[in-house]
Amino acid sequence: MLEMATEHPDKAKVPVLQSRGCSLSFGGLRAVDSLHLEVNTGEIVGLIGPNGAGKTTFFNLVCGVYRLRGGEILFQGQTIQVGSDSSPAFSWLRKRVGLKPYQVARLGIVRTFQNLRLFRDLSVVENVRVGMAVRLRYGLVSSLFRSNSFIRDEERLNEEALALVERLGLSSWRNERAGSLPYGEQRRLELARALALEPRLLLLDEPTAGMNPRETQDVMELIVEIRKERNLSILVIEHDMRVVTGICQRVVVLDHGVKIAEGPPETVRQDPRVIKAYLGEE
Amino acid sequence: MLSQQLVNAITLGSVYAIIALGYTLIYGVLKLINFAHGDVFMVGAFVGLYTISSAYLGLPFWLGILLAMGACALLGIAIERSAYRPLRSAPRLAALITAIGVSLFLENSFQMAFGAQPRSYPPIFPKEPIPWISHHLGVEMNFSQILLILVSAGLMIGLQAVVQGTRFGRAIRAVSFDLQTSQLMGIRTDRIIVLTFALGSALAGAGGVLYGAYYGSIDPTMGIMPGIKAFVAAVLGGIGSVPGAMFGGLIMGLAEVSVVQFVGSQYRDAVAFAVLILILLVKPTGLFARYQSERG
Amino acid sequence: MKGNRLATAAITLMAAALFLALLNWGAHLFFGPYGRRLLIAWGINSLLAVSLNLVNGQTGQFSLGHAGFMAVGAYASALLAISQPEGFGPFLGDTGSYLWILALFLAAGSAAALVGVLVAIPIFRLRGDYLAIATLGFGEMIFVIVLNLPATGGARGLGGIPEHTTVLVAFGALLVGVVIVKNLVGSRFGRAFASIREDETAAEAVGINTTKYKVLAFTVAAFLAGVAGSLYAHHQVFMVPHSFRFMKSVEIVIMCILGGSGSITGAILGAGVLTMLPEWLRLQERFRLKVDPRMVIFSALLVVLMLVRRQGLLGNRELSFSSLRAAIKKLGKNTLDRKGIADA
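This is the structure we're talking about:
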């Protein structure tokens, strides 16, 4: 059940994701430092930077895996995460300020994982069906007695799951154990599962990691198609500059938790600060 | 008789502390709750019985306790090698189940071998309270009690010195912090783990003999409750912390004696569980927490 | 459509009734009173194992305090029955006694489920080892509470419990329990459980409220364990709190693991081995031992299982006629292959 309190009248104008002054430290290390970032509706924005720059940390902050220290994060104009600094009253009560990961997902932000997190022992279709769980409504008693609404919902779910599996080119694998799939197929499965929630915003964490150029090209095309089909917005962490130049309209560069550059891919690529940040890695 | 109860609490707490020291060390390096630890304590007591009692080997006390420590060290190594090491890469739950299995195996096989009835420990030390103490401090303590407390304190100080001051200790701390990184840094992690196991088990063995000497009787299931209470003590003090284990042990002893005194002896074991649940829900990292996580 | 469903339901009920009747008839034909007591024990243990399996095997949360819920159900049912010796009898006669048994089940299950919810809510912020230890703690706390409540008779035990657990009742309850678990597992709830077991972080990331589902699995399991407790109480007629301690919880865990975590039929199989095999072997008599060696063997078995075959007998697959046929076929093919006979 998607929870939307009041919908902004001009939803297309409001950025789908806004990060205002987000900060988080681990011990003495500033993981994310006063980060201002926006993703507009329908955009594909790239998030790049050397290893340890805070990119995945940012995803974790948006999703509520890490608790935000300072600043706030808004989704379609609504606050979903608030820094514990900004609301001292709540932090001493140790109350959870902001949404938990499952709530963020239900709201319409779905993320994938850098190191793939599939339900390995479940089949491909089952993985996708789990993603669709948010849309099922039948209750406990219905499932125990196998009522009509149960049967109806399950059938509908199954059809939709199979359709999604088909769309992502995984039909021939549909009953195979997820853990037994080749790597490229596993990545597509994770994407399929994410799409099962009918998200508004996708957070993709290195979707082409470990792929050869052919596979990378396929995934790039897939992402662009899906974005158009479902009118999504996408924030993608990537290391592969071909992907970034190929699909991103805008790029944000992080280094040591700080945004050091922002703009179209070509411009950012030639920005001396960016080059220095990446070279500095070596 | 509040101070007498205090003395009893410290005595009891010292037993728990000795066992807790082993728990905390082993959990530190292996990240495993060694359920069998309380039963190693029991084995130590039995070895002590058979070495010291004049009905069997009749050896002097100090030799008996050393033999018990040695036997338990070997037992600990055997357990680690056969039951825990093969499961190093397995899901943690598998190792936990195995630990439970080993614990039950020890208890039940000793019951089969030695019978379930309690055995009396040879009267190693005089049971009478030492007059000097009764006169000057107003409480009753006998020699075995003092020995227990002193040995426990000594072990903690010694252990803390080893862990903080020696290379071996530093290696233990490194492995406790991050196994993989320690390996990359050239530490022979397998060796460290085995030695830690041996050390922790030897401590438990010593505790078993001291327990038998003080309380006068042992049986194959004697390790269960003290084992659980010592585990709670270790968690209370912060698992991985040597002074924490000592502190936790004393608190557990105090809590138990207090509850028996003020509420009733039927709740003596329940205290441990109540404390455990409280700690796990309120501050799972314990009072002297070592390893924090950043999870929001 | 509706008429069709009604017909299926009716047929299923009749099949179940027939199955139970056959079972009952067989139990009386092939077994004496002692054998039937053993069968009932198997039924009760099966229900316990199947319910624990929901938590351990399906949802991947390790519970070491399951016997506590059994205790709650046992004492709730026993005390209720003792205080109402006539039950529904005066009103409904024979059917009344079955309805009364059902009422006792519901009371026992609900009491256990209530305790289950109370335990589950604080406990599930813990993970792994610590969760297991916490469940152990709660199980023992329940024991201590039961031990010290005056109404339960404490250590001296509770006697005079009306005996009405027959083979029919026990296996009827088991059948219902299995259906509940099976239907739950095959629904969106079961998928949620499985996702939590597979990867909790991923489950959260796809919108599953993991805490809610963990509590749900735990509570349903507690309910069924409570019913098992009721069966136990009205079978034993006299019981002591010490039957519901950590040892019992471990026994149930062994049954689940032996049969295969995540498999319903596996749990029943594991319960069967643990209940029936020791009696059948009668090792203590045979080797003239002082003490029953069953716990030594089971604990060694537990360790060996973990080292050698962690998935137990069935893993997380179910035993069914089709899978049996497939297994036999595979066995046959392997033997043929080895003999060098080519596949047609």
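Residue numbers (the working numbering), protein chains in the order written: chain A, 1 to 282; chain B, 1001 to 1296; chain C, 2001 to 2344. C-beta: ideal position from N, C-alpha, C; glycine also. Here the structure is a predicted model, which means the values were calculated and not measured.
Among the options, nearest to residue i - alpha-carbon criterion
i                : options                            : result
F1288 of chain B : B:V1282, B:F1247, B:I1146, B:V1007 : B:F1247
L1096 of chain B : C:A2132, C:V2206, C:E2163, C:E2279 : C:A2132
A2151 of chain C : C:L2080, C:P2085, C:L2114          : C:L2080
M2295 of chain C : C:T2275, C:F2019, C:V2308, C:K2330 : C:T2275
L162 of chain A  : A:V62, A:G131, A:R242              : A:G131
I1279 of chain B : B:I1251, B:V1260, B:V1242, B:N1142 : B:I1251
T2008 of chain C : A:Q18, A:Q270, A:N148              : A:N148
V39 of chain A   : A:A178, A:V274, A:V268, A:L201     : A:L201
A2016 of chain C : C:A2326, C:L2168, C:F2223          : C:L2168
R1068 of chain B : B:P1123, B:S1053, B:R1081          : In the sequence on display, residue 1068 of chain B carries Ala and not Arg. Minimum Cα distance to A1068 of chain B is reached at B:S1053.
Y102 of chain A  : C:F2287, C:G2226, C:S2195, C:L2175 : C:S2195
D240 of chain A  : A:G49, A:Q81, A:G28                : A:G49
D1190 of chain B : B:F1061, B:W1062, B:T1011, B:P1086 : B:P1086
Contacting residues, own chain, Cβ-Cβ under 7 Å from residue i (five flanking each side not counted)
i                : result
K95 of chain A   : A caution first: K95 of chain A carries a pLDDT of 48, below 50, which makes its placement in the model too unreliable to give a value.
T57 of chain A   : L24, A31, V32, Y66
V134 of chain A  : R106, L197
V2273 of chain C : L2258
L93 of chain A   : For L93 of chain A, the predicted model reports a pLDDT of 48, less than 50, meaning its position is unreliable and no value from the coordinates is stated.
Y1056 of chain B : Y1050
P1220 of chain B : M1042, E1107, F1110, Q1111, F1114, A1116
V2055 of chain C : Q2061, S2063, A2217, F2218, A2221
V1259 of chain B : Y1267, R1268, V1271
Residue i beta carbon near the ligand MN (any heavy atom closer than 6 Å)
i                : result
Q2061 of chain C : This structure simply doesn't include the ligand MN, nor any ligand for that matter.
Residues near residue i in its chain [Cβ-Cβ closer than 6 Å; skip 5 each side]
i                : result
P199 of chain A  : G108, V110
A2076 of chain C : A2107, A2108, A2111
S91 of chain A   : Here the model assigns S91 of chain A a pLDDT of 49, short of 50, so the residue's position is not dependable and the matter cannot be decided.
S1152 of chain B : S1014, A1017, I1018
Whole-angstrom C-beta distance between residue j and residue i, which should lie under 8 Å
i                : j                : result
S2249 of chain C : G2177 of chain C : Between G2177 of chain C and S2249 of chain C the Cβ distance is about 18 Å, and since that is not below 8 Å, they are no contact.
G1208 of chain B : G1013 of chain B : Contact doesn't hold; Cβ gap of about 16 Å is too wide.
F1168 of chain B : N1142 of chain B : Actually they are not in contact, since the Cβ atoms of F1168 of chain B and N1142 of chain B sit about 36 Å apart, beyond 8 Å.
Short Cβ contact (7 Å threshold) for residue i with residue j
i                : j                : result
A1020 of chain B : A1213 of chain B : no
F1105 of chain B : S2299 of chain C : yes
A1230 of chain B : G1237 of chain B : no
I247 of chain A  : M211 of chain A  : no
Q186 of chain A  : L122 of chain A  : no
T112 of chain A  : D205 of chain A  : yes
C2256 of chain C : N2045 of chain C : no
Q1158 of chain B : G1022 of chain B : Note that residue 1158 of chain B corresponds to Gly in the displayed sequence, not to Gln. In this structure, G1022 of chain B does not lie closer than 7 Å to G1158 of chain B by Cβ.
L287 of chain A  : V45 of chain A   : The question about residue 287 of chain A has no answer, for chain A in this structure spans 1 to 282.
V1257 of chain B : A1009 of chain B : yes
V252 of chain A  : L61 of chain A   : no
I2101 of chain C : H2164 of chain C : yes
Within-7 Å CB hit, residue i to chain C
i                : result
G1022 of chain B : no
F58 of chain A   : no
P272 of chain A  : no
V1102 of chain B : yes
R152 of chain A  : no
S233 of chain A  : no
S123 of chain A  : no
F119 of chain A  : yes
A1094 of chain B : yes
A133 of chain A  : yes
Y102 of chain A  : yes
K95 of chain A   : In this prediction, K95 of chain A has a pLDDT of 48, which is less than 50 and means its spatial position is unreliable; nothing more can be read from the coordinates.
Proximity test, Cβ basis, 7 Å: residue i and chain A
i                : result
S2195 of chain C : yes
N2183 of chain C : yes
Residue i at chain B interface by Cβ criterion, 7 Å
i                : result
L2126 of chain C : yes
M2295 of chain C : yes
S2299 of chain C : yes
E2200 of chain C : no
V2206 of chain C : no
L2106 of chain C : no
Own chain partners of residue i with C-beta closer than 8 Å, once the 5 adjacent residues on each side are dropped
i                : result
A1198 of chain B : A1073, L1074, G1076, I1077
I1026 of chain B : L1032, N1034, H1037, T1196, F1197, G1200
V1194 of chain B : I1077, E1080, R1081
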